[in-house]
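These protein sequences, in sequence, are chains A and B. Counted the way the UniProt record's numbering counts, the first sequence spans residues 1 to 54. Counted the way the UniProt record's numbering counts, the second sequence spans residues 1 to 417.
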Amino acid sequence: MKAWMCMNCGWVYDQATGDPMSGIAPGTAWEDVPDDWKCPDCGAEKADFDMEEI
Amino acid sequence: MTVMPKLEDLVDQSFDPFVVEKLSTGDCPDPYPRIHELAARSPVIEGSYRMQFTDVPDAQMGHLPQVMVLGYDAVLHVLTNPEIFRNKEAFAPNLGKSFGNTVTVMDAPEHTRFRKIFQKAFLPQVVAKWGESVVDPVVSRLMENFIHRGEADLIEEFTHHYPFQVIYAQVELDPAQGPTFHKLAIAQLLSSIGLPQGPEASGKLGAFFTELLRQKRANPGPDLISHLANVEADGEKLPDDVLVSFLRQLMNAGGDTTYRGTSVLLTALLTHPDQLAAVIADRSLIPAAIEEALRWEGPVSSTFRYCSVDTEIMGHPIKAGTYINTVLASANRDPEKFPEPDKFDIFRKNTVRNLAFASGPHLCIGQHLARVEMTRALNAILDRMPNLRLDPDKPAPAIIGHLLRVPEHLWVKFDAS
Numbered sequence: 001m002k003a004w005m006c007m008n009c010g011w012v013y014d015q016a017t018g019d020p021m022s023g024i025a026p027g028t029a030w031e032d033v034p035d036d037w038k039c040p041d042c043g044a045e046k047a048d049f050d051m052e053e054i
Numbered sequence: 001m002t003v004m005p006k007l008e009d010l011v012d013q014s015f016d017p018f019v020v021e022k023l024s025t026g027d028c029p030d031p032y033p034r035i036h037e038l039a040a041r042s043p044v045i046e047g048s049y050r051m052q053f054t055d056v057p058d059a060q061m062g063h064l065p066q067v068m069v070l071g072y073d074a075v076l077h078v079l080t081n082p083e084i085f086r087n088k089e090a091f092a093p094n095l096g097k098s099f100g101n102t103v104t105v106m107d108a109p110e111h112t113r114f115r116k117i118f119q120k121a122f123l124p125q126v127v128a129k130w131g132e133s134v135v136d137p138v139v140s141r142l143m144e145n146f147i148h149r150g151e152a153d154l155i156e157e158f159t160h161h162y163p164f165q166v167i168y169a170q171v172e173l174d175p176a177q178g179p180t181f182h183k184l185a186i187a188q189l190l191s192s193i194g195l196p197q198g199p200e201a202s203g204k205l206g207a208f209f210t211e212l213l214r215q216k217r218a219n220p221g222p223d224l225i226s227h228l229a230n231v232e233a234d235g236e237k238l239p240d241d242v243l244v245s246f247l248r249q250l251m252n253a254g255g256d257t258t259y260r261g262t263s264v265l266l267t268a269l270l271t272h273p274d275q276l277a278a279v280i281a282d283r284s285l286i287p288a289a290i291e292e293a294l295r296w297e298g299p300v301s302s303t304f305r306y307c308s309v310d311t312e313i314m315g316h317p318i319k320a321g322t323y324i325n326t327v328l329a330s331a332n333r334d335p336e337k338f339p340e341p342d343k344f345d346i347f348r349k350n351t352v353r354n355l356a357f358a359s360g361p362h363l364c365i366g367q368h369l370a371r372v373e374m375t376r377a378l379n380a381i382l383d384r385m386p387n388l389r390l391d392p393d394k395p396a397p398a399i400i401g402h403l404l405r406v407p408e409h410l411w412v413k414f415d416a417s
């Protein structure tokens, strides 16, 4: 299974959960996450995420 | 073929860094009443965290202007604003002396470059593979020493050794050199309190890793050092001084914290037998148990940052040049975020993330490995030590220390196999 992962800390974006603390509702597709959103664990940019095998 | 370099012991072989280290972390049985009292007063209080619990002067930091930052929101603010609250000045006088030029002592943009290269070696999908290949054999070997007895001290005989032996296995260290390695890794921390064994240990570990790196570059294998010596991010490799410093820190950051975290996890479950029974009945509760143990008694109670500009935290002015005691333990026991915060409860629902591994760009690189190690250790104990319980004839475990907390003993009984 593959998922979008933060390359700075390893946090994985789960579409089903989203990131409610940052205003990303559960069910939000990765493509719809705003470009200025940051990794909730380490603060890295969305551009620092890669699609990785998990 | 790699010929493992010889690791030199301290000149004074009778010097015991473990005793000195234990003295420096203190024997405070319960810092939380004081932490709650401070946090209720204000999110920012003048003074140092350490001086709340000990009268022993802080030779390195005691003369510097310091504040404590308390509560989840204030702590998170400090950790996630690295352009204001910097690492370099905060850690150069202490960890920087022990380890050298590590990522802990860097800020962006240097930190951003190197962090990404190191993290690549410790991403979840990488460390998950080490669970079976590296962690399980170490855990199994240690358990063979006591599994037949039906009783053990899980700290002295297990948790104090297994994360360090995982590191020895990852760097393919000759097991005979393990005790010297462990001793030097602890002794190097004493640089920050001015003892000569500190720089001596840092120098000896540095010489050892420099030679090992040279050999691993010439003959790379499947081990961690070969991987780090050759790993790239955005076309860049790690410079030797940064890599040697990281390897010095690995023992403490990866070994010491996991030893404390696992010890607390086992203590928490054994002193809450209903929750231990629930985990035995349903192993899918293990991740929640680990997160709750990390929240309840995180391995590191407070960390430093340096305030680089005049600013404010939750309305409280902070002057440039102030050292910030960022009290992680107060964040993880903030009653606004964790109802009944002093209660160990693996069934907590809808809580925010705990800050045991910090947050922001310096979030613990090894957090995923720590979780793999704790999971494997707990599963092995539950598999091989049926009817596990505290030894009623021995003192109950007591978690002590104001900064780095751990019980000294965890005496248990179980059905021998």
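Note that CB positions come from ideal geometry on N, CA and C, so glycine has one too. This structure is a prediction, so every number in the text was calculated from the model and none was measured.
Let's test the definition: count the other Cβ atoms within 10 Å of the Cβ of residue i and tell me whether it reaches 16, buried, or not, exposed.
i: residue 447/B; result: It is not possible to answer for residue 447/B, since the shown part of chain B is limited to 1 through 417.
i: residue 298/B; result: buried
i: residue 140/B; result: exposed
i: residue 109/B; result: exposed
i: residue 13/B; result: exposed
i: residue 415/B; result: exposed
i: residue 385/B; result: buried
i: residue 44/B; result: buried
i: residue 19/B; result: exposed
i: residue 347/B; result: exposed
i: residue 17/A; result: exposed
i: residue 314/B; result: exposed
i: residue 256/B; result: buried
i: residue 145/B; result: exposed
i: residue 111/B; result: buried
i: residue 11/B; result: exposed
i: residue 17/B; result: buried
i: residue 334/B; result: buried
i: residue 350/B; result: exposed
Can you confirm whether residue i, when its beta carbon is compared against all beta carbons of chain A, has any partner nearer than 9 angstroms?
i: residue 360/B; result: yes
i: residue 148/B; result: no
i: residue 233/B; result: yes
i: residue 311/B; result: no
i: residue 112/B; result: yes
i: residue 347/B; result: no
i: residue 122/B; result: yes
I'd like to know whether the C-beta of residue i is nearer than 9 angstroms to at least one C-beta of chain B.
i: residue 27/A; result: no
i: residue 16/A; result: no
i: residue 47/A; result: no
Which residues in chain A sit within 8 angstroms of residue i, going by Cβ to Cβ distance?
i: residue 224/B; result: Those within 8 angstroms of residue 224/B in chain A number zero; the least Cβ separation is about 16 angstroms.
i: residue 115/B; result: 8
i: residue 119/B; result: 7, 8, 9, 10
i: residue 80/B; result: 43
Whose Cβ in chain B lies nearer than 8 angstroms to the Cβ of residue i?
i: residue 41/A; result: 353, 359, 363
i: residue 53/A; result: 125
Compare the beta carbon distance of residue i and residue j with 9 angstroms and say whether it is the shorter of the two.
i: residue 48/B; j: residue 325/B; result: yes
i: residue 86/B; j: residue 58/B; result: no
i: residue 125/B; j: residue 31/A; result: no
i: residue 182/B; j: residue 263/B; result: no
i: residue 320/B; j: residue 378/B; result: no
i: residue 98/B; j: residue 189/B; result: yes
i: residue 105/B; j: residue 138/B; result: no
i: residue 53/B; j: residue 197/B; result: no
i: residue 330/B; j: residue 75/B; result: yes
i: residue 247/B; j: residue 374/B; result: no
i: residue 65/B; j: residue 323/B; result: yes
i: residue 69/B; j: residue 327/B; result: yes
To which residues of the same chain is residue i closer than 6 angstroms at the C-beta, ignoring the five residues directly before and after it?
i: residue 115/B; result: 103
i: residue 9/A; result: 41, 42
If I measure Cβ to Cβ from residue i and keep anything under 7 angstroms in the same chain, skipping five residues before and after, which residues do I get?
i: residue 46/A; result: 33, 35, 37
i: residue 357/B; result: 363, 364, 367
i: residue 228/B; result: 121, 238, 243
i: residue 128/B; result: 372
i: residue 360/B; result: 79, 80, 82
i: residue 291/B; result: 354
So which residues on chain A does residue i lean against when the C-beta distance must stay under 7 angstroms?
i: residue 368/B; result: 10
Residues in the same chain with beta-carbon distance under 8 angstroms from residue i, minus the five sequence neighbours each way, listed in chain order, please.
i: residue 395/B; result: 409, 411
i: residue 50/A; result: 4, 5, 7
i: residue 48/A; result: 6, 7, 8, 39
i: residue 20/A; result: 26
i: residue 212/B; result: 2, 4, 5, 171, 225
i: residue 136/B; result: 376, 380
i: residue 270/B; result: 276, 388, 389, 390, 397, 410, 412
Determine, for residue i, whether the minimum Cβ-Cβ distance to residues of chain E falls below 9 angstroms.
i: residue 53/B; result: The displayed structure is made up of protein chains A and B, and chain E is not among them.
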